[in-house]
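K.L.:
Residue numbering for the sequence shown follows this note's numbering, starting at 15 and increasing by one per position.
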Amino acid sequence: MEHALYLFGGLSQKCEVLSDMYRFDLHTKEWDIIETTGVRPIERESHSAVYVKKSNKIVVYGGFRIGKTGNCDRLGDVLYFDIKSRCWSSPKIGGNIPSGRALHSAVLYKDLMYVYGGWVTNLLSASSWVCSSEILCFNTCKNYFINFTFTATHTWSSVRTPKYSPQARSGHAATLV
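1) Select from Ser60, Phe95, Gly23 the residue whose C-alpha is nearest the C-alpha of Val134.
2) Where does Trp45 land, buried or exposed, given buried means 16+ other C-beta within 10 angstroms?
3) With DSSP as the reference, identify every bridge partner of Thr51, one or two as the case may be.
4) Any chance the segment 84-97 sits against the segment 51-71, with 3 or more Cβ pairs inside 8 Å?
5) Compute the Euclidean distance between the alpha carbons of Leu40 and Val66, then round it to the nearest angstrom.
6) Please state the DSSP three-state secondary structure of Leu117.
7) Reducing DSSP to helix, strand and coil, say where Asp96 ends up.
8) For Ile72, list the residues DSSP reports as bridge partners.
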């Protein structure tokens, strides 16, 4: 294990949306900028990331991109960062890809990345946003979103939660216990 914290993208104090990658060594307490190769990621903020130990990759999902005119674009892409090779890649994702989202949370359980909530496009008015209460599940080994029943439909879908679920939200945090 590397014992490091990786930092990717975000919003600077100057309101610049970033796409740089840093590594903080938890033993030496020093930062390094990571020179990366591969598909250069779009600058983004309010995205999520999880570490997949089996493949030694960081999986990044979604976020905002601020366009030249100041409009916010919600991103729905999935990116992989290979820690050993320091290479970015953009895997082909099959199925019915959900709308882009930002300010969501994500956790990894086994090889599955669970994404909750966030800001998504309002289906009634594409120019406005709404908070989501969806749970999405992405198989990090097979590069597809699956439904909660794990029938491998190769599509994005929501987890169906019985009885009670929290109200829709964004800007929250989640953790796996």
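Glycine included, each C-beta is placed from N, C-alpha and C at the ideal position. Note that the coordinates shown come from a computational prediction; the quantities given were computed from them, not determined experimentally.
P.N.:
To lay it out plainly:
1) Reading the sequence shown from its first residue, position 120 is the one you call residue 134. Out of Ser60, Phe95, Gly23, Ser60 has the C-alpha closest to the C-alpha of Val134.
2) The residue given as residue 45 occupies position 31 in the sequence shown. Exposed, since its Cβ has fewer than 16 Cβ neighbours within 10 Å.
3) The count along the sequence shown starts at 1 and reaches residue 51 at position 37. DSSP output for Thr51 lists Cys101 as bridge partner(s).
4) yes
5) Translated into positions along the sequence shown, residue 40 becomes position 26. Translated into positions along the sequence shown, residue 66 becomes position 52. Taking the straight line joining both Cα atoms gives about 19 Å.
6) Along the sequence shown, read from residue 1 onward, the residue named residue 117 stands at position 103. Of the three classes helix, strand and coil, the one that applies to Leu117 here is coil, per DSSP.
7) Counting from one through the sequence shown, the residue named residue 96 turns up at place 82. Asp96: strand per DSSP, three-state reduction.
8) Here residue 72 refers to the residue found at position 58 of the sequence shown. Paired residues: Tyr65, Phe95.
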